[in-house]
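Asker:
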Amino acid sequence: MLRLTSVFLIFVFFVCSPTPSSGFFESLLNRVQKNLMTRWEQLRDQQTRPRLLAQLHLDGSPTFVETVENVGNMDLAVCSFNKTGKKVSLLRMQHVAEWLKGEDNFTTEVMASAMGWPNAVGRIENDILVDSQQDYWWMTTTYYAPERSGGSITFLPLPSNESDLIGHVRVTKQGKSGHAKNWYYSMIDWVDMDQDGWPDIVTTRSRVMPGSVKVSELIWLQNPGLSSLWTSRRSWTAHPITHGPDVTFRVLRIPLPSGESRLVIIGAGYWDNKLYAVWTDDPEEDWSNVEAVNERVIDNHGWFYDLQIADVNADGRDDVIVSTWVHGLQQGSVIVYEIPCDFIHGKWRRHTLIDGAVDMPLPDLGSGGRIKVFHPVALHSAVSRKKKPFIIVSGDNDGRVYVLIPSSRKTNDWEYISHDIYRARGPVGALAIDDLNHDGFMEIVIPVMDSNKLMFFTYEPGPIGPEYFVDERTP
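As numbered in mature numbering (1 follows the signal peptide of the UniProt record, and there is no 0), residues -23 to -1, 1 to 452 make up the sequence shown, in order.
(1) Near residue 220, what residues of its chain come up, given a Cβ to Cβ distance below 7 Å and the 5 sequence neighbours on each side ignored?
(2) The beta strand (DSSP E) that contains residue 65, what's its start and end?
(3) Take every Cβ of the stretch 279 to 286, pair it with every Cβ of the stretch 245 to 263, and state whether three or more of those distances are shorter than 8 Å.
(4) Does DSSP put residue 192 in a helix, in a strand, or in coil?
(5) Enumerate in chain order the residues of its own chain whose CB-to-CB distance from residue 269 is below 7 Å, with the five nearest sequence positions on each side excluded.
(6) Look at the alpha carbon of residue 460 and the alpha carbon of residue 50, and state the distance between them as a whole number of angstroms.
(7) Considering residue 46, what are the terminal residues of the beta strand (DSSP E) in which it resides?
(8) Any idea what DSSP makes of residue 203, helix, strand or coil?
(9) Residue range of the beta strand (DSSP E) that residue 58 falls in?
(10) Just to confirm my understanding: we take residue 316, look at its own chain, exclude 5 residues before and 5 after, and list those with CB closer than 8 Å. What are they?
(11) So if DSSP puts residue 425 in a beta bridge, which residue, or which two residues, is it bridged to?
(12) Below 8 Å on the Cβ atoms is my guess for residue 66 versus residue 89; work out the distance and round it to an integer in Å.
(13) Evaluate residue 373 with the Cβ neighbour count: other Cβ atoms within 10 Å of its Cβ, from every protein chain shown; 16 or more gives buried, anything less gives exposed.
(14) Please go through the same chain and pick out, in chain order, the residues whose beta-carbon is closer than 6 Å to the beta-carbon of residue 447, but skip the five residues on each side of it.
(15) In three-state terms, what does DSSP make of residue 146?
(16) Determine the burial state of residue 159: buried for a count of at least 16 other Cβ atoms within 10 Å of its Cβ, exposed for fewer.
(17) Helix, strand or coil: how does DSSP classify residue 284 here?
(18) Go ahead and label residue 411 buried or exposed: buried means 16 or more other beta carbons lie within 10 angstroms of its beta carbon, across all protein chains shown.
(19) Using DSSP bridges, identify the partner residues of residue 451.
(20) In terms of alpha-carbon separation, which member of 302, 330, 424 and 199 lies closest to residue 313?
(21) Less than 7 Å between the beta carbons of residue 276 and residue 240, yes or no?
(22) Measure from the alpha carbon of residue 370 to the alpha carbon of each residue in 184, 394 and 34, then state which is nearest.
(23) For residue 353, collect the residues of the same chain with a Cβ closer than 8 Å to its Cβ; drop the 5 residues on either side in sequence, then sort them by chain order.
(24) Residue 125: buried (16+ other C-beta within 10 angstroms of its C-beta) or exposed?
(25) Note down, in chain order, each residue of its chain lying with its Cβ closer than 8 Å to the Cβ of residue 154, except the 5 sequence neighbours on either side.
(26) Could you check if residue 406 is buried or exposed, using at least 16 other CB atoms within 10 Å of its CB as the buried criterion?
(27) Can you check the stretch 355 to 398 for any beta strand (DSSP E) of at least 3 residues that lies completely inside it and give the ranges in chain order?
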C-alpha cells in the first residue's frame, strides 16, 4: 500500500502541476499533496514495526537492562537474579554491537554483587569526578533481605577488579541501627543544588516495612568536591527537599510568563498516588534554602510508576508522560500532562493515551510498566524531533511489550494506536532502547525473566515475517 500511495503521489504531482498563473489550482494541489503526505506518513508509521534480531541466553534471570555510553560504543548493564542461590548481581556486557554482527569478542563482567538489589545504573561523566583518573558507573539499590544488603547509591569502578585500590565508593550512609538498610533508592540525576560549582546528586528514596511505608522522600546529596572519591570515609551529606515522590522523577527547566525560568523536579509518588512539581523560589536557586522550596500536586490519578519528559504532540513544548496502575481495576494507563505556560498556577491538561496498557493477573503482583519515548529512525534526528514520537511500554508481570504509535500529525490529536511486539510466558523486566550498532535504526533489548534471556529487536527494515511479533507461549 505504501508503494501504491507513493506512485499516486508522484502521478498527482506531475499530471496536476498547475501553471504559475493558476493560483486556485496551485492552492488545491498543495492541499491534496499535504493530505496525501499525511496519509503516507500515517501508513508508514503504522507499518514501522521492529523485527527480532537476536537472542542472548543468560545464567540468571534478567530483571532490567540499560544502555550505558562507553568510548566509541555502547555497553549493556543487566541486573541478573540467580533463583537457586537467591543471589543478585549487576553485569556489564561489552561489544554488543559487534556480537550482533556475528563477531565473538562479546564479554561480560560482574560489576557488583551482595550490595543490594540494583534499581538503576548510569555512567559518571568526567566533569563530576575531576580529580579521578578512573571511570565509574553509579548504581542505586534497594534493601535485599536474603543477602542482608542495604539500599544505597554506590560508585562502581571500570573495569571491575578486586585489585582496585579505591574500589566501590558508597556515597550514602550505612546506619548502625539498621534503619538505613531498609532504604529503596530509585534513580539519580546530577544538578548543582547549592550553586557551589559541583554537581550534586538528586534522588528519591523510600523505606518500606512489612505492611506499610515509613518514609518516602525527595532528597539531594551534597558533593564534597575534590574529596568526593574518598567518601568511603566521608559520606555525601543528605539534604531533604520534600516528602512524597519515591519511584522516579525528572529534572527540567520550565519558562515562566515573566520571561524567567525555574528548575523544576517532576516527581512520581507511587505510594501516595500523587504527581508533584517541586521548585525553589530562592533568587540564586539555592536548594539548601529549605524555606524557599515550593511544590504543587499536579494530579492524584493513581499509582504513578514511571515518568518521562518529551514533546509528545510535537508542538515544540515538553510534556510529562507517566505510566500508572490502578489497584481496584488492575489496569495500567499511559497518561500525558501538558506543561502550562504558568506551571505554578496554570492547569496541567491531562490526556490518556491508552487505558489497560498493563493488566496484572493478581493484585500487588507488580505495578505499572516502564516507558521509553523514542523515534524508531535515528538517521535524521533533526527531522525526527519535529514529529510525534513512539512510546514503548514493558508490561512487567503481564509479560507483554507494547509500542504506541501516533495516529495523526495534528498537535491537538492525542490518539495513539497500540500493538504488541512481544509476549512472554512470564514477566518481562525494564527494557532498553538505543541505536546499539550506530546504523541509524533503534534497537530494543527486552529482559525475559522466566526464560533467562535477552531479546534483541531492531527497526532496521527487513522482510515481513513472523519475527515482527514474537509470542513465547507459541511452540
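A virtual CB, placed ideally from N, CA and C, is assigned to each residue, including glycine.
Answerer: Inspection of the coordinates gives the following:
(1) When the five nearest sequence neighbours on each side are left out, the beta carbons in the same chain lying within less than 7 Å of the beta carbon of residue 220 are those of 193 and 194, in order along the chain.
(2) Looking at the DSSP string, the run of the beta strand (DSSP E) that includes residue 65 is 64 to 71.
(3) Taking one beta carbon from each stretch, the stretch 279 to 286 and the stretch 245 to 263 have 3 or more pairs nearer than 8 Å; the two touch.
(4) Residue 192 sits in a strand when the DSSP states are folded into three classes.
(5) Within the same chain, residue 269 has close Cβ partners 257, 258 and 259.
(6) No answer is possible for residue 460: it lies beyond the span of the chain, which begins at -23 and ends at 452.
(7) 38 to 47 is the extent of the beta strand (DSSP E) around residue 46.
(8) In the structure shown, residue 203 sits in a helix (DSSP, three-state: H, G or I).
(9) Per DSSP, residue 58 is one residue of the beta strand (DSSP E) stretching across 50 to 59.
(10) In chain order, 231, 294, 295, 296, 297 and 325 place their CB closer than 8 Å to the CB of residue 316, counting only its own chain and leaving out the 5 sequence neighbours on each side.
(11) Residue 425 pairs with 405 and 430.
(12) That pair is a contact at about 7 Å.
(13) The residue in question, residue 373, is buried, as its Cβ has 16 or more Cβ neighbours within 10 Å.
(14) So the qualifying residues of the chain are 29 and 399.
(15) Correct three-state label for residue 146: strand.
(16) Residue 159 should be labelled buried.
(17) Residue 284: strand per DSSP, three-state reduction.
(18) Residue 411 comes out buried.
(19) DSSP, once it has assigned bridges, lists no residue as partnering residue 451.
(20) Among 302, 330, 424 and 199, the Cα nearest to that of residue 313 belongs to 330.
(21) No, they are not a contact pair.
(22) The residue with the shortest Cα to Cα distance from residue 370 is 394.
(23) Excluding positions up to five away in sequence, the list reads 25, 27, 367, 418, 419 and 436.
(24) Here residue 125 is exposed, its C-beta having fewer than 16 other C-beta atoms within 10 Å.
(25) Reliability fails at residue 154, whose pLDDT of 45 lies under 50, so the model's placement of it is uncertain and the value that follows must be treated cautiously. Here the set comprises nothing.
(26) So residue 406 ends up on the buried side.
(27) Runs found: 367 to 371 and 377 to 383.
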